[in-house]
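Residue numbers (the working numbering): 343 to 942. For glycine and all other residues, C-beta sits at the position ideal for the given N, C-alpha and C. One structure is given here, and the rest of the page talks about it.
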Ligand code: MV4
């Protein structure tokens with residue numbers, strides 16, 4: 343067994359991994375960015391190391407993390423999800439340093455990073471793939487031929503893509519040129535490869551995925567499927583297992599195919615085979631070579647501790663059970679409670695949790711790293727908590743989930759709880775009429791959500807004030823010949839204009855670090871100049887929808903922006919002509935960066 347496991351992650355998944363390690367009696371090493379020093383995972387680990395550098399980037403700093411692992415004497419690294427979890431180079435570097443990367447082999451991670459290669463492997467193993475190419479396409483002529491062969495609509499996908507990035511849907515031949523260029527450009531800017539391929543596009547598929555567990559002795563099992571169709575802009579909101587209204591025979595074929603595909607790959611560790619289900623057919627989509635956010639619903643219905651099993655098989659143990667020894671019992675639902683305002687296009691809502699009370703019921707599990715007074719940071723994804731509820735039947739699970747959602751008492755940030763309550767009450771959801779288009783094209787058009795009222799002013803002053811909105815700006819500040827990168831998070835108290843509650847400074851050169859909390863009131867307000875489209879937070883320019891010279895109307899979407907892993911639309915604030923585009927897709931920018939200008 344491992345002597346010490348470093349968790350190369352933060353927040354709830356780091357907490358989850360630490361809990362599994364504790365059960366196994368393995369000491370843990372937590373790493374953390376400076377503003378993350380109050381995080382629960384830091385409080386729980388046996389040993390903690392602070393990362394140097396920008397908060398938004400440090401958890402991706404493979405060299406620094408590996409160096410800490412060596413210095414701390416860790417003999418294994420658990421990458422969690424996101425960050426370095428599907429980085430084959432990092433997995434290779436770990437192996438070279440004699441540290442076990444808790445995941446599949448670097449070769450498998452690398453192969454599954456290429457969607458074209460994934461399709462080839464699965465196709466060869468007899469797993470159904472969506473009709474399309476298993477070779478890259480380069481020219482519009484090739485794509486148009488394929489469009490005729492398969493019939494429109496078709497999808498052009500970046501081979502290195504995933505999660506919706508580098509995906510273009512083409513509904514007629516005239517759209518091919520633009521879509522191909524777009525998918526190639528996005529592939530190049532996000533993933534460093536402009537290799538794309540073509541598939542027949544399925545219009546209203548369900549997203550069904552299979553949880554796989556495999557050891558390094560050739561044993562592979564599935565832990566049944568999860569239905570993850572309730573998503574918005576490729577962000578999952580609710581997952582359930584078993585998938586409702588899934589044909590028994592189709593389900594059996596899907597589960598068997600996932601195991602067959604994983605076997606063909608020589609898979610080990612926990613993983614997920616993603617599929618689309620359309621009518622009575624299913625098609626392989628991609629393999630995720632990490633533990634996923636939604637793994638707890640599979641744990642709830644099988645009783646298997648997937649993270650513990652993942653650690654054990656990484657240490658060379660055989661799977662502790664066979665396929666025949668497990669079964670699925672009842673129904674489980676996970677709601678992702680995010681710090682976002684569903685009434686405002688799911689806008690991220692970081693801030694301090696002036697109140698944070700969780701439901702404590704039988705058959706209810708909450709995975710979270712938050713606590714009262716904790717500040718949700720703007721640098722990371724906005725997941726506050728995962729609510730996981732079990733019931734004997736889907737109906738029982740739905741009703742129990744509603745009770746649990748109503749017993750969350752969260753103040754200080756907006757949350758997705760009102761959205762979840764509306765979805766669980768929706769007749770289409772209850773009937774199991776859930777497709778990947780359901781949330782955006784159906785549910786959101788029929789429900790009317792209101793933002794939660796800001797919390798009442800707290801009696802005591804301090805961090806847990808009444809926070810309504812947060813913005814973060816970065817500054818470089820010189821102190822004693824050292825350059826500090828200062829991230830100022832403005833947590834706005836609605837009763838006082840502009841109250842800075844928290845500022846954190848991290849030395850970019852030198853080693854001094856400093857955290858300051860102070861309150862400052864000023865009447866200054868950022869005066870937006872018309873025609874200047876700026877980022878509201880630190881984030882990523884996902885897509886630029888207009889070119890310089892284009893005529894735009896006030897209210898027209900011009901840029902798709904991503905902050906805290908959530909997409910939002912930036913719209914023109916006036917009629918006019920785009921005079922300058924200052925950024926490229928895939929570019930990361932600080933808050934308040936000028937992105938695009940509109941003139942006469
Ligand atoms: C598709 C598709 C329909 N047809 N491919 C989106 C993200 C990436 N993982 C694959 N995706 C899709 N690929 C074909 N040929 C529809 C989607 C899709 C989707 C897939 C899974 C979960 C949610 C989705 C939301 C929109 C589109």
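**Asked** Which residues does DSSP pair with residue 677 in a beta bridge?
**Response** The residue labelled residue 677 in the question sits at position 335 within the chain shown. Paired residues: 580, 729.
**Prompt:** What's the gap between the Cα of residue 615 and the Cα of residue 585?
**Reply:** Along the chain shown, read from residue 1 onward, the residue named residue 615 stands at position 273. Along the chain shown, read from residue 1 onward, the residue named residue 585 stands at position 243. In a straight line, the C-alpha of residue 615 is about 15 Å away from that of residue 585.
**Request:** Going by DSSP, name the residue or residues bridged to residue 408.
**Result:** Taking the chain shown and counting its residues from 1, the one referred to as residue 408 is at position 66. Within the DSSP bridge table, the entry for residue 408 names no partner.
**Request:** Identify whether residue 345 lies in helix, strand or coil by the three-state DSSP scheme.
**Result:** As a first step, residue 345 is located in the chain shown; it is residue number 3 there, counting from the start. Coil, per DSSP.
**Request:** Within 10 angstroms of the Cβ of residue 631, are there 16 or more other Cβ atoms? Answer buried if so, exposed if not.
**Result:** If you number the chain shown from 1, residue 631 lands on position 289. By the neighbour-count rule (16 or more Cβ atoms within 10 Å), residue 631 is buried.
**Item:** Counted within 10 angstroms of its Cβ, other Cβ atoms place residue 702 as buried (16 or more) or exposed
**Value:** Locating residue 702 in the chain shown gives position 360, where the first residue counts as 1. Looking at its Cβ environment, which holds fewer than 16 other Cβ atoms inside 10 Å, residue 702 is exposed.
**Item:** Nearest neighbour of residue 470, chosen from 456, 619, 424, 532 [CA to CA]
**Value:** What you label residue 470 is simply residue 128 of the chain shown in a count that begins at 1. Nearest option by C-alpha distance: 619.
**Prompt:** residue 354 by DSSP, collapsed to three states: which one?
**Reply:** Counting from 1 along the chain shown, the entry for residue 354 is found at position 12. The answer is helix: DSSP assigns residue 354 an H, G or I state.
**Asked** Going by DSSP, which residues form a beta bridge with residue 391?
**Response** For the purposes of this step, residue 391 is identified with residue 49 of the chain shown, where counting begins at 1. BP columns for residue 391 point to 373.
**Rounded C-alpha distance that separates residue 403 from residue 736** = Within the chain shown, the letter at position 61 stands for residue 403. Within the chain shown, the letter at position 394 stands for residue 736. Taking the straight line from one Cα to the other gives about 42 Å.
**Request:** Mark residue 713 as exposed unless 16 or more other C-beta atoms lie within 10 angstroms of its C-beta, in which case mark it buried.
**Result:** Locating residue 713 in the chain shown gives position 371, counting from the first residue. In this structure residue 713 is exposed. Its beta-carbon is surrounded by fewer than 16 other beta-carbon atoms within 10 angstroms.
**Request:** Tell me whether residue 905 is buried or exposed, calling it buried when 16 or more other Cβ atoms sit within 10 Å of its Cβ.
**Result:** Here the question's residue 905 lines up with position 563 in the chain shown. Counting Cβ neighbours within 10 Å, residue 905 comes out buried, since at least 16 surround it.
**Prompt:** Quick one: does the C-beta of residue 501 sit closer than 8 Å to a heavy atom of the ligand MV4?
**Reply:** Counting from 1 along the chain shown, the entry for residue 501 is found at position 159. For residue 501, the distance from the CB to the nearest heavy atom of the ligand MV4 is not below 8 Å.
**Request:** Please list the segments of the beta strand (DSSP E) lying wholly inside the stretch 701–787, counting only runs of 3 or more residues, in order along the chain.
**Result:** Whole beta strand (DSSP E) segments, 3+ residues: 706–710, 725–733, 751–753.
**Asked** What did DSSP end up calling residue 549 once you bin it into helix, strand or coil?
**Response** Numbered from 1 along the chain shown, position 207 holds the residue referred to as residue 549. Of the three classes helix, strand and coil, the one that applies to residue 549 here is strand, per DSSP.
**Item:** residue 573 beta carbon near the ligand MV4 (any heavy atom closer than 8 Å)
**Value:** Position 231 of the chain shown, counted from the first residue, corresponds to residue 573. Indeed, a heavy atom of the ligand MV4 lies less than 8 Å from the Cβ.
**Rounded separation between residue 389 and residue 514 - CA only** = For the purposes of this step, residue 389 is identified with residue 47 of the chain shown, where counting begins at 1. For the purposes of this step, residue 514 is identified with residue 172 of the chain shown, where counting begins at 1. Roughly 57 Å separates the two Cα atoms.
**Asked** Where do the N-terminal and C-terminal ends of the alpha helix (DSSP H) with residue 651 fall, by residue?
**Response** As a position in the chain shown, residue 651 is number 309, starting the count at 1. First-last of the alpha helix (DSSP H) with residue 651: 648–656.
**the stretch 573–593 / the stretch 763–782 touching (three or more Cβ pairs under 8 Å)** = yes
**Prompt:** Which of the three DSSP states, helix, strand or coil, is assigned to residue 508?
**Reply:** Mapped onto the chain shown, residue 508 falls at position 166. DSSP places residue 508 in strand when its eight states are reduced to three.
**Prompt:** Between the C-alpha atoms of residue 544 and residue 783, what's the straight-line distance to the nearest angstrom?
**Reply:** The residue given as residue 544 occupies position 202 in the chain shown. The residue given as residue 783 occupies position 441 in the chain shown. If I take the Cα positions, the gap works out to 15 Å.
**Request:** Round the Cβ separation of residue 415 and residue 346 to the nearest angstrom and send it over; I've been treating them as touching at under 8 Å.
**Result:** Position 73 of the chain shown holds residue 415. Position 4 of the chain shown holds residue 346. So it is a contact: roughly 6 Å between Cβ atoms.
**Request:** Label residue 669 either buried or exposed according to how many other C-beta atoms from any shown protein chain fall within 10 Å of its C-beta, with 16 as the threshold for buried.
**Result:** Counting from one through the chain shown, the residue named residue 669 turns up at place 327. Around the beta carbon of residue 669, fewer than 16 other beta carbons lie within 10 angstroms, which makes this residue exposed.
**Message:** Can you tell me where the alpha helix (DSSP H) holding residue 939 begins and where it ends?
**Reply:** On the chain shown, residue 939 is found 597 positions in, with the first residue counted as 1. Premise fails: residue 939 lies in the beta strand (DSSP E), 936–941, not in any alpha helix (DSSP H).
**N-terminal and C-terminal residue of the alpha helix (DSSP H) that residue 640 is part of** = What you label residue 640 is simply residue 298 of the chain shown in a count that begins at 1. Element bounds for residue 640: 637–644.
**Message:** Measuring only the C-alpha atoms, how far is residue 833 from residue 882?
**Reply:** Walking along the chain shown from the start, residue 833 turns up at place 491. Walking along the chain shown from the start, residue 882 turns up at place 540. Reliability of the predicted coordinates at residue 833 is poor, the pLDDT of 48 falling under 50, and no value is obtained from them.
**Item:** Touching by the beta-carbon criterion (3+ pairs, under 8 Å), the stretch 456–471 and the stretch 409–427
**Value:** With the cut-off at 8 Å, the stretch 456–471 and the stretch 409–427 do not touch.
**Message:** What does the Cβ neighbour count give for residue 526, buried or exposed, with the cut at 16 atoms within 10 Å?
**Reply:** The residue given as residue 526 occupies position 184 in the chain shown. Residue 526 comes out buried.
**Asked** Considering only C-alpha positions, which residue in the set 523, 610, 529 is nearest to residue 564?
**Response** Indexing the chain shown from 1 puts residue 564 at position 222. For residue 564, the nearest C-alpha among the options comes from 610.
**Request:** Check whether the Cβ atoms of residue 720 and residue 880 sit closer than 9 Å, and answer yes or no.
**Result:** By one-based count along the chain shown, residue 720 stands at place 378. By one-based count along the chain shown, residue 880 stands at place 538. Yes, Cβ-Cβ distance for residue 720 and residue 880 is below 9 Å.
**Request:** Could you work out which residue in 536, 639, 538 is closest to residue 553 when comparing CA atoms only?
**Result:** Position 211 of the chain shown, counting from 1, holds the residue named residue 553. When each option's Cα is compared against that of residue 553, the closest is 639.
**Message:** Among the candidates 934, 691, 915, whose CA atom is the shortest distance from the CA of residue 924?
**Reply:** In the chain shown, residue 924 corresponds to position 582, counting from 1. Of 934, 691, 915, the residue nearest in Cα terms is 934.
**Item:** Residue closest to residue 477, alpha-carbon to alpha-carbon, out of 596, 539, 922, 772
**Value:** As a first step, residue 477 is located in the chain shown; it is residue number 135 there, counting from the start. For the residues 596, 539, 922, 772, the minimum Cα distance to residue 477 belongs to 539.
**Asked** For residue 926 versus residue 913, is the C-beta spacing smaller than 9 Å?
**Response** Position 584 of the chain shown, counting from 1, holds the residue named residue 926. Position 571 of the chain shown, counting from 1, holds the residue named residue 913. Going by C-beta atoms, residue 926 is not nearer than 9 Å to residue 913.
**Prompt:** What is the DSSP secondary structure of residue 533, reduced to helix, strand or coil?
**Reply:** Numbered from 1 along the chain shown, position 191 holds the residue referred to as residue 533. Shown here, residue 533 sits in a helix according to DSSP, grouped into three states.
**Prompt:** Would you say the beta carbon of residue 779 comes nearer than 8 Å to a heavy atom of the ligand MV4?
**Reply:** On the chain shown, residue 779 is found 437 positions in, with the first residue counted as 1. Because some heavy atom of the ligand MV4 lies under 8 Å away, the Cβ of residue 779 counts as near it: yes.
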